[in-house]
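So the sequence lines, in the order shown, correspond to chains E and W.
Each residue of the first sequence is one higher than the one before, starting from 1 at the first, in our numbering.
Each residue of the second sequence is one higher than the one before, starting from 624 at the first, in our numbering.
Backbone N, C-alpha and C define an ideal beta-carbon position, used for all residues, glycine too.
A quick note: this is a predicted structure, and the numbers were derived from the prediction, not measured.
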Amino acid sequence: MPVKMRKPVRVGLLFALTSAMTISAQGPPPGAFAIDVEGYWTPALHEDGLERGAGPEIADYGGFALNESGRLFALSYDPSRLTLRHHQCDGYVMPYQMRAVGNFRIWEDRDPHTQQLVAIHIWAQTTEGNRVVWMDGRPHPSAWAPHSFAGFSTGQFVGNALVIRTTHLKQGWLRRNGSPESDQATVMEFVVRHGEHLIDTTVVTDPVYLTEPEVRSNDYVRQPADPHAWLYACDDGEEITGRAPDAVPNYPLGKQPFAREYSERYKLPLIASLAGAESIYPGFGAKARSATEAEAVAKLQPAPNQRPETSRAPDVEPHDGEIHVLPIREHTYMLVGDGGNIVVQTGDQGAFVVDSGEGKLSDKVIAAIRQLSEKPIQFLANTSARAAHVGGNSKLAAAGSDPSLPGSFFDLQSPGRATGLLADPAHHATLIAHNNVVIRLQAAKAPSDAIPADTYLEERRRKFHNGEVVELFYEPGAVTDGDSIVHFRRSDVIAAGDIFNTTQYPFIDLQSGGSVQGEIRALNDILNRTGYEHDENGGTYIVPGHGYLSDEHEVTEYRDMVVIVRDRVQAMIKAGATLEQVQAARVTADYDTRYGANDGAWTTGKFIEAVYQSLKQPAGKSR
Amino acid sequence: MPKRVSAVLILIFSISAYAQRGGGRGAPQPPATPRAAARIDITGYWVSLVTEDWRYRQFTPPKGDYQSVPLNPAGKMAADAWDPAKDEEAGEQCKAYGAAGLMRMPTRLHITWQDDRTLKLETDAGSQTRIFHFEPAPAAGGGDWQGVSMASWEYPRPPVYSSFGGLDFGFPPPPAAGGSLKVTTTKLKPGYLRKNGVPYGSGTVMTEHFDRFDVPGGETLLLVTTEVVDPEYLAQPFWTSTHFRKQNDASGWTPAPCLSK
Numbered sequence: 001m002p003v004k005m006r007k008p009v010r011v012g013l014l015f016a017l018t019s020a021m022t023i024s025a026q027g028p029p030p031g032a033f034a035i036d037v038e039g040y041w042t043p044a045l046h047e048d049g050l051e052r053g054a055g056p057e058i059a060d061y062g063g064f065a066l067n068e069s070g071r072l073f074a075l076s077y078d079p080s081r082l083t084l085r086h087h088q089c090d091g092y093v094m095p096y097q098m099r100a101v102g103n104f105r106i107w108e109d110r111d112p113h114t115q116q117l118v119a120i121h122i123w124a125q126t127t128e129g130n131r132v133v134w135m136d137g138r139p140h141p142s143a144w145a146p147h148s149f150a151g152f153s154t155g156q157f158v159g160n161a162l163v164i165r166t167t168h169l170k171q172g173w174l175r176r177n178g179s180p181e182s183d184q185a186t187v188m189e190f191v192v193r194h195g196e197h198l199i200d201t202t203v204v205t206d207p208v209y210l211t212e213p214e215v216r217s218n219d220y221v222r223q224p225a226d227p228h229a230w231l232y233a234c235d236d237g238e239e240i241t242g243r244a245p246d247a248v249p250n251y252p253l254g255k256q257p258f259a260r261e262y263s264e265r266y267k268l269p270l271i272a273s274l275a276g277a278e279s280i281y282p283g284f285g286a287k288a289r290s291a292t293e294a295e296a297v298a299k300l301q302p303a304p305n306q307r308p309e310t311s312r313a314p315d316v317e318p319h320d321g322e323i324h325v326l327p328i329r330e331h332t333y334m335l336v337g338d339g340g341n342i343v344v345q346t347g348d349q350g351a352f353v354v355d356s357g358e359g360k361l362s363d364k365v366i367a368a369i370r371q372l373s374e375k376p377i378q379f380l381a382n383t384s385a386r387a388a389h390v391g392g393n394s395k396l397a398a399a400g401s402d403p404s405l406p407g408s409f410f411d412l413q414s415p416g417r418a419t420g421l422l423a424d425p426a427h428h429a430t431l432i433a434h435n436n437v438v439i440r441l442q443a444a445k446a447p448s449d450a451i452p453a454d455t456y457l458e459e460r461r462r463k464f465h466n467g468e469v470v471e472l473f474y475e476p477g478a479v480t481d482g483d484s485i486v487h488f489r490r491s492d493v494i495a496a497g498d499i500f501n502t503t504q505y506p507f508i509d510l511q512s513g514g515s516v517q518g519e520i521r522a523l524n525d526i527l528n529r530t531g532y533e534h535d536e537n538g539g540t541y542i543v544p545g546h547g548y549l550s551d552e553h554e555v556t557e558y559r560d561m562v563v564i565v566r567d568r569v570q571a572m573i574k575a576g577a578t579l580e581q582v583q584a585a586r587v588t589a590d591y592d593t594r595y596g597a598n599d600g601a602w603t604t605g606k607f608i609e610a611v612y613q614s615l616k617q618p619a620g621k622s623r
Numbered sequence: 624m625p626k627r628v629s630a631v632l633i634l635i636f637s638i639s640a641y642a643q644r645g646g647g648r649g650a651p652q653p654p655a656t657p658r659a660a661a662r663i664d665i666t667g668y669w670v671s672l673v674t675e676d677w678r679y680r681q682f683t684p685p686k687g688d689y690q691s692v693p694l695n696p697a698g699k700m701a702a703d704a705w706d707p708a709k710d711e712e713a714g715e716q717c718k719a720y721g722a723a724g725l726m727r728m729p730t731r732l733h734i735t736w737q738d739d740r741t742l743k744l745e746t747d748a749g750s751q752t753r754i755f756h757f758e759p760a761p762a763a764g765g766g767d768w769q770g771v772s773m774a775s776w777e778y779p780r781p782p783v784y785s786s787f788g789g790l791d792f793g794f795p796p797p798p799a800a801g802g803s804l805k806v807t808t809t810k811l812k813p814g815y816l817r818k819n820g821v822p823y824g825s826g827t828v829m830t831e832h833f834d835r836f837d838v839p840g841g842e843t844l845l846l847v848t849t850e851v852v853d854p855e856y857l858a859q860p861f862w863t864s865t866h867f868r869k870q871n872d873a874s875g876w877t878p879a880p881c882l883s884k
């Protein structure tokens, strides 16, 4: 029986309908339709199935546009590297993750109030890879923000595709045989759906290891129900006991013992899988067949008589005359812009600052710290005496004060008091460093107010400040003879100073007491104090002397690099090589496109010389 | 009564406005030909990027190496019996250049409109030509390496704006940008999925989607997603996705005959 509505109700319904029509007519603009990618997806491994399943073979780099650095990195790679504690739980870097075996689950995240699409989550079974593709138009993070295996992804719907851009990736592999993808890689993805078939095309651009973008596509088939098994527990442990802490499995350049195995097994020309970009294009098969043995063998080692390549990594320094603040964890910040990175910890007490930058923008550094802390700077620790880290000491110290000192023994040493030995200690921040920093600064005739007064001599200096233990650990003979790392234990942040950076080879200053052995010890010491949140992502944050905020994965890759270069130089010294011969051998050829420089204060040549001279000096001995 | 009249007027106005925006039944009719209806342009020269299954595609793999292809026992038996010399003797050196294997060859493509209802895809590898017919289907044909290919445009499926909570007002949605070319190929002469005799049979149905992606920075990619269903030799559908990069001209175009190995 029809229900007779009262007039207001009828009018209301009509209004609702007309409103609905109007909303419908507005619609989204052409090209803005969302494709439905939600659900459970299983990869179809009908391409590269052997490689993606059981695993690839050594020296199978066919179809990759690897440059010389990339090829040599891969040839030097020893899969036993994965037995090292800090590699055992390495996650998969995103483009490889999307290519891995294991199921995927994709779902949307919508704002509960506006129902706008905020993000698309992609969860991968293997390694519990967890991607978030932000769909809300947010910008990518700054160049000095941390990297992760998943990277930072933003997406939009274009035509019939979900188009994703990813930056801030960690170093990983394009293929599981060491074919590298650097932390400078960026990725464009085009995701389309045809029925129950999802295809993700990845375009990897890597200025460090690739000569042209790497295009691959991954196929997935929709699962009707949850296939379960989404977890991937990984804890590292001792896989090889008794191994020296400075051992990193690698093959010397030009001495990969299995380099011919792949080509011989499949009756391919040796050069075929080593040729880089040309291996991708039509006509390559015939060209490879006509290559000579000498041409092929030349691909197994660095090209002779060449200047070192230089870094292709974009400069992460802002160079805009401003100080940029990157929050690390609650009450802990990284300040970027005035030479070396600065760490600021805040709380009920005055700010605890690590390093003071180059000193060119000290006023802006002080202003930035005032924005973070109502209290003045109380402590300023120096990780070394290097100019990029102590240049702002005087100004920052003068802008602070140490309220723990008035009325103390130290206050009695101020001018006009008992001894007059200390320059007004209570009315500026207390500078802390290893004693050798003081010696170096005094030798450099630094102003007295820039020289730390609170020093330590041996293993560590401890404080409890702003509710957490802050420890300075002495790292003898690393880049200088006065290096400290500073560990904020509750925040779980380590300021590494120039022992670790993401921009260049370590500045091992032999004249200031640095050595490659000490550098390796120091990097391992950092790694002995770190933990990861999940699969080598997150956990303890490491603030490098220069470059982007890191975690233990970046330190591990850096440590590996220093050890591998050390091994090569050591082997040549044993064989009686001179420094000139070591330089000519291009022992850093697989890292030069990431860290190399041929001009400026710290060149590849100077780094190799520092390694060589360190090893020639009997005083340098690995711990 | 005046309120009821107002509400009806509002409704009529809304519908009228919607129709004027091109969303109603009074909207312009769809283009008369498939060529005019194309929302993506896949014509021009393209070069294959052999980054996947590289060893199988750049070099002829050994007999019996059919890794990743979901062959059934009959398929494996046929692959194990591969004899390229016999193929040559029989004049069938193009068996790997049939439609289900052709796009995996390291090749260049030249795609053109043969007429307003027909796309032509040529390869320099094996000097093959595929014809994509939009409706209607050709009266005859097939039984050769390239079979009969029927094409249609697939557009993004927009949400049904004409509905509101299940109430259908009968209005088609506004057009979406982009789309795919769908090609279904049948009536194939038996051939090879891979050059080393990995077989497909005459009952094969191959469904392809051609998608074009414009990569920021200038490159344009063509993705060809392929599903091969072959009840004779495959245990399940065989999926591949093959990429090509757009060329500005015919550079590198080198027509070559089929090679049996």
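Residue 435(E): member of the alpha helix (DSSP H) spanning 435-443, first to last residue.
For residue 828(W), no chain E residue has a C-beta closer than 7 Å to its own C-beta; the minimum C-beta separation is roughly 14 Å. Here the alpha carbon of residue 129(E) sits roughly 16 Å from the alpha carbon of residue 235(E). Between residue 850(W) and residue 197(E), the C-beta gap is smaller than 8 Å, which places the two residues in contact. Residue burial annotation: residue 231(E) is exposed, with fewer than 16 other C-beta atoms found within 10 angstroms of its C-beta. Residue contact with chain W for residue 271(E): absent (no Cβ-Cβ distance below 8 Å to any residue of chain W). Between residue 47(E) and chain W, the shortest Cβ-Cβ separation is below 8 Å. Around the CB of residue 107(E), fewer than 16 other CB atoms lie within 10 Å, so the residue is classed as exposed. If you look at residue 707(W), you'll find it in the alpha helix (DSSP H) that goes 707-712. Only those residues of the region 652-679 of chain W whose C-beta falls short of 7 Å from the nearest C-beta of chain E are listed: 670, 671, 672, 673, 674, 675, 676, 677 and 678. Around the beta carbon of residue 258(E), a 10 Å sphere encloses fewer than 16 other beta carbons of the protein chains shown; the residue is thus reported as exposed. Out of 385(E), 371(E), 58(E) and 374(E), the CA that lies nearest to the CA of residue 355(E) is found in 385(E).
Residue burial annotation: residue 831(W) is buried, with at least 16 other C-beta atoms found within 10 angstroms of its C-beta. Interface annotation, residue 507(E): not in contact with chain W, CB-CB separation never under 8 Å.
The beta carbon of residue 681(W) sits closer than 8 Å to the beta carbons of 673 and 729 from its chain, once the five residues preceding and following it are set aside; these are given in chain order.
The beta-carbon of residue 749(W) is placed no less than 8 Å from the nearest beta-carbon of chain E. At the C-beta level, residue 523(E) and residue 542(E) stay beyond 8 Å of one another.
Spatial neighbours of residue 359(E) in its own chain (CB-CB distance under 6 Å, excluding positions within 5 residues in sequence) are listed in chain order as 391 and 392.
Under the three-state reduction of DSSP, residue 188(E) is assigned to strand.
Residue 499(E) has no beta-bridge partner at all, per DSSP.
Around residue 161(E), the beta-carbon contacts reaching into chain W at under 9 Å are 779, 801, 834 and 836. Among the bridge pairs identified by DSSP, residue 300(E) is matched with none.
Neighbourhood of residue 745(W) in chain E, by CB distance below 7 Å: empty, with the nearest CB roughly 14 Å away.
Residues of the same chain with a CB within less than 7 Å of the CB of residue 705(W), apart from the 5 flanking positions on each side, are 686, 819 and 820 in chain order. Within a 10 Å sphere around the beta-carbon of residue 462(E) sit fewer than 16 other beta-carbons, which makes this residue exposed. Given a length threshold of 3 residues, each whole run of the beta strand (DSSP E) inside the region 499-569 of chain E is given here in chain order: 541-544.
Residues of the same chain with a CB within less than 8 Å of the CB of residue 659(W), apart from the 5 flanking positions on each side, are 739 in chain order. Residues of chain E with a Cβ closer than 8 Å to the Cβ of residue 850(W) are, in chain order, 197. Contact annotation: residue 749(W) and residue 880(W) have beta-carbon atoms nearer than 8 Å. With respect to residue 172(E), residue 248(E) sits apart: the two C-beta atoms are not nearer than 8 Å.
Neighbours of residue 188(E) in chain W, taken as residues at a C-beta separation under 8 Å, are given in chain order as 838 and 839. For residue 692(W), the residues of chain E that pass the 9 Å Cβ criterion are 46 and 49, in the order they occur in the chain.
Contact check for residue 159(E) and residue 708(W): beta-carbon distance about 48 Å, past the 8 Å limit, so the pair fails to qualify. With respect to chain W, the C-beta atom of residue 474(E) has no partner C-beta closer than 8 Å. Here the region 150-168 of chain E lies against the region 181-192 of chain E, with 3 or more beta-carbon pairs under 8 Å apart. Residue 154(E) and residue 131(E) have their C-alpha atoms some 11 Å from each other.
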